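Down below is the structure, laid out as structure tokens.
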Amino acid sequence: MGPGIQPTSARPCSRTKHSRFALLAAALTARRVKQFTKQFRSRRMAEDILKLWQRQYHLPREDSDKRTLRERVHLYRPPRSDLGGIAVAVTVIALWATLFVYGLWFVKLPWALKVGETATSWATIAAVFFSLEFLYTGLFITTHDAMHGTIALRNRRLNDFLGQLAISLYAWFDYSVLHRKHWEHHNHTGEPRVDPDFHRGNPNLAVWFAQFMVSYMTLSQFLKIAVWSNLLLLAGAPLANQLLFMTAAPILSAFRLFYYGTYVPHHPEKGHTGAMPWQVSRTSSASRLQSFLTCYHFDLHWEHHRWPYAPWWELPKCRQIARGAALAPGPLPVPAAAAATAATAAAAAAATGSPAPASRAGSASSASAAASGFGSGHSGSVAAQPLSSLPLLSEGVKGLVEGAMELVAGGSSSGGGGEGGKPGAGEHGLLQRQRQLAPVGVMA
């Protein structure tokens, strides 16, 4: 064989090379098709979950048309399964029950000792009290998720049963009453005399908190608490332990929930007593751990109102989505005519030197900002108002003291609810869906 001539077996086979490229291209194509199919199925599954949720609950107006369904899915996708929600709810209830039993029967309070008993250390008492108070908050958050169908969306009876159980262990509130009023709050957020959680004209912390608590209390609740307390006494739980772990702890928990879930996000700016829609509510800039320890991410309130089908443990994810999509808390988009009217009113007010009239979506300036397309995911809406805990907390403590003095002086009646809490024009929509929104399988 002459030089430079390769044997037949050593010559490169162009057919083999082409077949390898074809196999590689086919593998890459199959992989892309598989990924696309998986994404498509995931998107369709998320759309189906939202459609199922929408048939049972109310969506925000940003999510009320078919055009935004795909946009919602691309922004936030609800959990595919109910197992996560059920597991979280059962875990919170089980942890609370364990610590509740320990606090009532195994903690020996120094001021309620029997002969021969040794008092539990103050460090242990404090640890049990604050841990139990935090778990009381978890019970209410569990009920709150049940009212949104995020515990077991595909099993409404189990969902409402866990919500009823959690709120009964919390303080024997009526789940059906909470369910109805909470959705009134979502449908009429920040509307005076319509939103049951909004202040009655006096945004003072103590006055607002007192009115908030009284509006949810019922006679049957106190009767159930009395029966429950006597049963615990018969079972050997001291009254002193009940007062500390079954009265003081849930009251402190209720204040925590009210402060971070109602007062801070919906508190009006100084000198403003009009409507405060959720679109201009504050949200938290705290870390994920700090937000959880604060109130189970309940301080991420704007995100909760924007995506009410998100469970509490996914609210930090919603905050990341909102930041990534340049969604800033702001008012709803208003029609062009309404925006023009608001702009004209603002110009006239500036010319005459009188204040501009406020609208349902907020002031004239907020109406013009809303025209930039908040519902479409644009960033032209009002800038976010992050929660600053420490200054607001110091202001809240001061307001609590002032409000307590005002309550003693009978000042709480000065901020009444107008014409007996007359419902607004949009109330008929809620009443028409009352049967559909009513909880299923609730215990008596």
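For the sequence shown, position 400 (counting from the first letter as 1) is numbered 400 according to full-length UniProt numbering, and the numbering increases by one without interruption.
Quick reminder that beta carbons are idealized off the backbone N, C-alpha and C, glycines included.
Note that the coordinates shown come from a computational prediction; the quantities given were computed from them, not determined experimentally.
Query: Residue range of the unbroken alpha helix (DSSP H) whose run includes Ile141; Result: Trp122 to Met147
Query: Exposure of Ser19, with buried meaning 16 or more beta-carbon neighbours within 10 Å; Result: exposed
Query: Residues near Lys224 in its chain [Cβ-Cβ closer than 6 Å; skip 5 each side]; Result: Trp172
Query: CB of Thr142 within 9 Å of CB of Ala94, strictly; Result: no
Query: Distance, Arg282 Cα to Trp208 Cα; Result: 18 Å
Query: Straight-line Cα distance separating Gly149 from Ala127; Result: 33 Å
Query: Assigned secondary structure, Asn202 (DSSP; H/G/I helix, E/B strand, else coil); Result: coil
Query: Classification of Thr91 by the beta-carbon crowding that lies within 10 angstroms, buried from 16 upward; Result: exposed
Query: C-beta contact flag for Asp197 and His185 at 9 Å; Result: yes
Query: DSSP state of Phe173 mapped onto helix, strand, coil; Result: coil
Query: Reduced DSSP secondary structure (H/G/I, E/B, other) of Pro265; Result: helix
Query: Endpoints, the alpha helix (DSSP H) within which Ile321 is located; Result: Leu315 to Gly324
Query: Leu234 - containing alpha helix (DSSP H), residue span; Result: Leu219 to Leu234
Query: CA-to-CA distance, His199 to Phe212, given in whole angstroms; Result: 8 Å
Query: Rounded C-alpha distance that separates Val115 from Arg77; Result: 59 Å
Query: Buried versus exposed call for Asn159 [16 or more other C-beta atoms within 10 Å across all chains shown]; Result: buried
Query: Euclidean distance between Cα positions of Arg323 and Ser285; Result: 11 Å
Query: DSSP-derived helix/strand/coil call for Ala119; Result: coil
Query: At least 3 beta-carbon pairs within less than 8 Å: the segment 99-106 vs the segment 243-254; Result: yes
Query: DSSP state of Gly190 mapped onto helix, strand, coil; Result: coil
Query: Of the listed residues Ala26, Thr124 and Asp174, nearest to Leu218 (C-alpha basis); Result: Going by the sequence as given, residue 218 is Thr instead of Leu. The residue with the shortest Cα to Cα distance from Thr218 is Asp174.
Query: Phe298, buried or exposed, once every other Cβ within 10 Å from all chains shown has been counted against 16; Result: buried
Query: Separation of His266 from Ala384, as counted between CA atoms; Result: Low local confidence applies: a pLDDT of 37 at Ala384 is under 50, so the model's placement there is unreliable, and no value is given.
Query: Candidates Pro250, Arg31, Leu169 and Asp82: closest to Tyr309 by CA position; Result: Asp82
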